[in-house]
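K.L.:
The structure's right below; bear with me while I get my questions together.
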Amino acid sequence: MNYRHSYHAGNIADVFKHYVLTLVLEALHRKDTPFCVIDSHAGAGLYELGRSGEYEQGIGQLWPERGAWTALAGYLEIIARFNPGGRLRFYPGSPMIIREFLRTGDRAALLELHPQEYACLRESMHDVRGIGVHHINAWNGIRAFVPPKENRGLVLIDPPYERPDEFTAVAAALRHGMRHWRNGMYLAWYPIKSRRPVESFYRAVAAIKAPAHAVEFITLPLDVERRLNGSGLLVINPPWRLMETLHASLPPLAERLAGIGGSPQVRLVDLTAN
Numbered sequence: 358m359n360y361r362h363s364y365h366a367g368n369i370a371d372v373f374k375h376y377v378l379t380l381v382l383e384a385l386h387r388k389d390t391p392f393c394v395i396d397s398h399a400g401a402g403l404y405e406l407g408r409s410g411e412y413e414q415g416i417g418q419l420w421p422e423r424g425a426w427t428a429l430a431g432y433l434e435i436i437a438r439f440n441p442g443g444r445l446r447f448y449p450g451s452p453m454i455i456r457e458f459l460r461t462g463d464r465a466a467l468l469e470l471h472p473q474e475y476a477c478l479r480e481s482m483h484d485v486r487g488i489g490v491h492h493i494n495a496w497n498g499i500r501a502f503v504p505p506k507e508n509r510g511l512v513l514i515d516p517p518y519e520r521p522d523e524f525t526a527v528a529a530a531l532r533h534g535m536r537h538w539r540n541g542m543y544l545a546w547y548p549i550k551s552r553r554p555v556e557s558f559y560r561a562v563a564a565i566k567a568p569a570h571a572v573e574f575i576t577l578p579l580d581v582e583r584r585l586n587g588s589g590l591l592v593i594n595p596p597w598r599l600m601e602t603l604h605a606s607l608p609p610l611a612e613r614l615a616g617i618g619g620s621p622q623v624r625l626v627d628l629t630a631n
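Using this note's numbering, the first residue of the sequence shown is number 358, and each one after it goes up by one.
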């Protein structure tokens, strides 16, 4: 409830998360049938980048050399739409990225509990057809909106992990989702600080017995447990060839964003077989 994303917008975790999100949304475009996207912790939608902020280690590193990152072209094109003229001033959060992919007939349910974030998001989306902005607890919202009437689409789960039980809450939301919407796609972000909660989370997801993969994107050594050394995305029902694409594109991205003194690692873990 206290978390606000503005200082963290465009950081390394956002670059990783939103790049993968664009790939999943691009995959949903491969069929003409309508889809629905449910965003559990939507945030304010669009962030103005200040003189300082974590974006300097993330999108700020890639932006001057964006022409060289052909694998990230779709993601970077969306960033460019919010920065006409080429100067990096704004960073779109997941709701704005989702909005860019909605076609006539597609739909999104954006969930946000923080009152100020919700107010900003509602204002920015008030005239956009097909998008509902809901002032609701994420876990209640997922129960309310899954399954969507389209029976095709994505649930994005992206909590701030302020509470010690949020890994457990994410696993419970995924269990509920797969019980009620087996063919939906699920994308859940999580921090990598200590291995113990991450491995416990993997066991909980494996117990769901769904086509599930964990993608770890690490840029700092793992020997400092309370620091955000990297982050991961749990993907259930990944679109065709997503894992192959990430296997090729993420290592050079991790290498670039790790910088001097970093420790870039990318791990793709098949939790279906566990």
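Cβ atoms here follow ideal geometry from the backbone N, Cα and C, with glycine treated the same way.
Is it buried or exposed for Pro516, if we count other Cβ within 10 angstroms and need 16 for buried?
P.N.:
Indexing the sequence shown from 1 puts residue 516 at position 159. When all chains shown are included, Pro516 counts as buried.
K.L.:
Under 9 Å, do Glu573 and Ser551 count as touching if we go by C-beta distance?
P.N.:
By one-based count along the sequence shown, residue 573 stands at place 216. By one-based count along the sequence shown, residue 551 stands at place 194. No, these two residues do not count as a Cβ contact at 9 Å.
K.L.:
Which one of Ser620, Ile454, Leu429 and Ala428 has the shortest CA to CA distance from Arg438?
P.N.:
Numbered from 1 along the sequence shown, position 81 holds the residue referred to as residue 438. Measuring from the Cα of Arg438, the nearest candidate turns out to be Ile454.
K.L.:
Which two residues bound the contiguous beta strand (DSSP E) that contains Ala495?
P.N.:
Start at 1 with the first residue of the sequence shown, and residue 495 comes out as number 138. Segment Ala495 to Phe502 is the alpha helix (DSSP H) holding Ala495; no beta strand (DSSP E) there.
K.L.:
Rounded to whole angstroms, what's the CA-CA distance from Leu323 to Ala495? Just pull it up for me.
P.N.:
A question about residue 323 goes unanswered here, because the residues of the chain that appear run from 358 up to 631.
K.L.:
Below 9 Å between beta carbons: does that hold for Leu544 and Leu590?
P.N.:
To locate residue 544, count along the sequence shown from 1; it is residue 187. To locate residue 590, count along the sequence shown from 1; it is residue 233. Contact: yes.
K.L.:
What residue does the alpha helix (DSSP H) around Arg532 start on, and which one ends it?
P.N.:
Position 175 of the sequence shown, counted from the first residue, corresponds to residue 532. Start and end: Glu523 to His537.
K.L.:
In angstroms, rounded to a whole number, what distance separates the CA positions of Pro619 and Phe373?
P.N.:
Along the sequence shown, read from residue 1 onward, the residue named residue 619 stands at position 262. Along the sequence shown, read from residue 1 onward, the residue named residue 373 stands at position 16. At residue 619 the sequence reads Gly, which differs from the Pro that was named. In a straight line, the C-alpha of Gly619 is about 16 Å away from that of Phe373.
K.L.:
Pull up the distance between the alpha-carbon of Lys566 and that of Gly510, whole angstroms please.
P.N.:
Position 209 of the sequence shown, counting from 1, holds the residue named residue 566. Position 153 of the sequence shown, counting from 1, holds the residue named residue 510. Rounded to the nearest angstrom, the two C-alpha atoms are 20 Å apart.
K.L.:
Alpha carbon to alpha carbon, how far is Gly487 from Ala528?
P.N.:
Counting from one through the sequence shown, the residue named residue 487 turns up at place 130. Counting from one through the sequence shown, the residue named residue 528 turns up at place 171. C-alpha separation (whole angstroms): 28 Å.
K.L.:
Using the three-state DSSP reduction, which class does Ser620 fall into: helix, strand or coil?
P.N.:
Taking the sequence shown and counting its residues from 1, the one referred to as residue 620 is at position 263. In the structure shown, Ser620 sits in coil (DSSP, three-state: anything other than H, G, I, E or B).
K.L.:
Assuming Phe447 is part of the beta strand (DSSP E), what are its boundary residues?
P.N.:
Counting from 1 along the sequence shown, the entry for residue 447 is found at position 90. Element bounds for Phe447: Phe447 to Pro449.
K.L.:
Determine, using beta carbons only, whether Gly402 and Leu513 come nearer to each other than 9 Å.
P.N.:
Looking up residue 402 in the sequence shown gives position 45. Looking up residue 513 in the sequence shown gives position 156. Their beta carbons are not under 9 Å apart, which means Gly402 does not touch Leu513 by this criterion.
K.L.:
Let me make sure I understand the geometry here. Which of Gly367, Tyr376 and His365 has the alpha-carbon closest to that of Leu603?
P.N.:
Taking the sequence shown and counting its residues from 1, one reaches residue 603 at position 246. If we check each option's Cα against that of Leu603, Tyr376 comes out closest.
K.L.:
Which residues share a DSSP beta bridge with His491?
P.N.:
Here residue 491 refers to the residue found at position 134 of the sequence shown. Its beta-bridge partners are Leu468.
K.L.:
Evaluate contact between the segment 551-561 and the segment 604-618, counting only Cβ atoms and requiring at least three cross-stretch pairs below 8 Å.
P.N.:
The segment 551-561 is not in contact with the segment 604-618.
K.L.:
Excluding sequence positions up to five away, which residues of its chain have a Cβ less than 7 Å from the Cβ of Asn440?
P.N.:
Here residue 440 refers to the residue found at position 83 when the sequence shown is read from its first residue. Correct list, in chain order: Arg446 and Phe447.
K.L.:
Whole angstroms is fine: what's the gap from His576's alpha carbon to Asp371's?
P.N.:
For the purposes of this step, residue 576 is taken as residue 219 along the sequence shown, with counting starting at 1. For the purposes of this step, residue 371 is taken as residue 14 along the sequence shown, with counting starting at 1. One detail in the question is off: residue 576 reads as Thr in this sequence, not His. Cα-Cα distance, rounded: 13 Å.
K.L.:
Go through its chain and collect everything with a Cβ distance to Tyr412's Cβ below 7 Å, but skip five positions before and after it.
P.N.:
Within the sequence shown, the letter at position 55 stands for residue 412. So the qualifying residues of the chain are Ala366, Gly367, Asn368, Leu406 and Tyr448.
K.L.:
Would you check if the distance between the CB atom of Val623 and the CB atom of Leu607 is smaller than 9 Å?
P.N.:
In the sequence shown, residue 623 corresponds to position 266, counting from 1. In the sequence shown, residue 607 corresponds to position 250, counting from 1. Yes, the Cβ-Cβ distance between Val623 and Leu607 is below 9 Å.
K.L.:
Excluding sequence positions up to five away, which residues of its chain have a Cβ less than 6 Å from the Cβ of Phe458?
P.N.:
Position 101 of the sequence shown holds residue 458. So the qualifying residues of the chain are Leu382.
K.L.:
Which residues mark the beginning and the end of the alpha helix (DSSP H) in which Ser606 is found?
P.N.:
Taking the sequence shown and counting its residues from 1, one reaches residue 606 at position 249. Residues Leu599 to Ala615.
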